[in-house]
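Enquirer: If you read the sequence shown in my numbering, its first letter stands for residue 629, the second for the next number, and so on.
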Amino acid sequence: MNEKINQILLQMATLEAELRTTVQAQESRMFFQIKGKRVEFEQSVSQAHRKLKTGLLRWLVRDRPQNLITGPLIYGMVVPLLMLDVCVSVYQWVCFPIYGITRVRRRDYLVFDRRHLGYLNSIEKFHCTYCEYGNGLMAYMTEILARTEQYFCPIKHAHKILGTHARYNRFLDYGEADAYEAKLEEFRVALGKVR
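#1: Tell whether a beta-carbon distance below 9 Å holds between residue 712 and residue 765.
#2: DSSP three-state call for residue 668: helix, strand or coil?
#3: Kindly list the residues whose CB is nearer than 6 Å to the CB of residue 753, restricted to its own chain and excluding five residues on each side of it in sequence; keep chain order.
#4: Helix, strand or coil for residue 783? Go by DSSP, reduced to three states.
#5: Measuring CA to CA, which of 729, 755, 686 is closest to residue 745?
#6: Pull up the CB-CB distance for residue 784 and residue 796, whole angstroms please, since I reckon it's below 8 Å.
#7: Given that a residue counts as buried once 16 or more other Cβ atoms are within 10 Å of its Cβ, and exposed if not, what is residue 771?
#8: Measuring only the C-alpha atoms, how far is residue 750 from residue 714?
#9: Check whether the Cβ atoms of residue 737 and residue 768 sit closer than 9 Å, and answer yes or no.
#10: From residue 683 to residue 675, what distance separates their C-alpha atoms?
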């Protein structure tokens with residue numbers, strides 16, 4: 629890989645780490661602590677949140693009608709999501725050990741913590757749980773598929789594509805044939821060291 633590209637990727641990683649640190653510092657000013665899987669706010673913040681909570685009846689009256697009308701279609705998607713979840717999880721549990729790829733931990737991607745927000749009513753918490761599951765599942769699947777792609781074909785596309793996963797920029801350039809087999813083996817070995 630081009631040295632200039634390596635330098636830019638290192639700069640990006642440094643900036644991402646700095647962004648994470650800055651976001652965490654901002655979150656620490658929100659007066660909450662994470663205790664295991666539970667998020668706890670300071671008492672004054674919890675009281676303020678409860679005062680901001682919209683009651684169910686008031687929420688139903690004020691909510692947009694199109695949200696209620698499309699609800700069954702949106703929540704009907706849980707069936708294919710669950711099927712994808714089972715299929716992808718079984719795939720990685722069976723195949724990754726055979727390939728020597730470190731498994732992706734679901735709990736790193738499927739995080740359900742919005743239910744601790746006191747200003748959300750039960751319907752809003754339900755909506756949040758659904759979105760946490762759907763988006764977390766997509767991120768979980770993306771990482772499983774990214775590791776699969778790194779194992780079998782770590783080659784960039786000739787055409788620019790949108791929405792590449794985090795591993796993509798380190799893949800081999802399109803048409804980079806020199807020592808392909810040796811480089812492919814390096815990519816595969818690296819997958820056994822992922823944590």
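Glycine included, every Cβ here is placed at the ideal spot set by N, Cα and C.
Expert: So, from the data block:
#1: In terms of Cβ geometry, residue 712 and residue 765 form a close pair [threshold 9 Å].
#2: Under the three-state reduction of DSSP, residue 668 is assigned to strand.
#3: Contacts found: 743.
#4: Three-state result, residue 783: strand.
#5: Of the candidates 729, 755, 686, the one whose C-alpha sits nearest the C-alpha of residue 745 is 755.
#6: Residue 796 and residue 784 do touch by the CB rule: their CB atoms are close to 7 Å apart, below 8 Å.
#7: By the 10 Å Cβ count, residue 771 comes out buried.
#8: So the alpha carbons of these two residues sit roughly 27 Å apart.
#9: Judged by their CB atoms, residue 737 and residue 768 are nearer to each other than the 9 Å cut-off.
#10: Straight-line measurement puts the Cα of residue 675 at about 15 Å from the Cα of residue 683.
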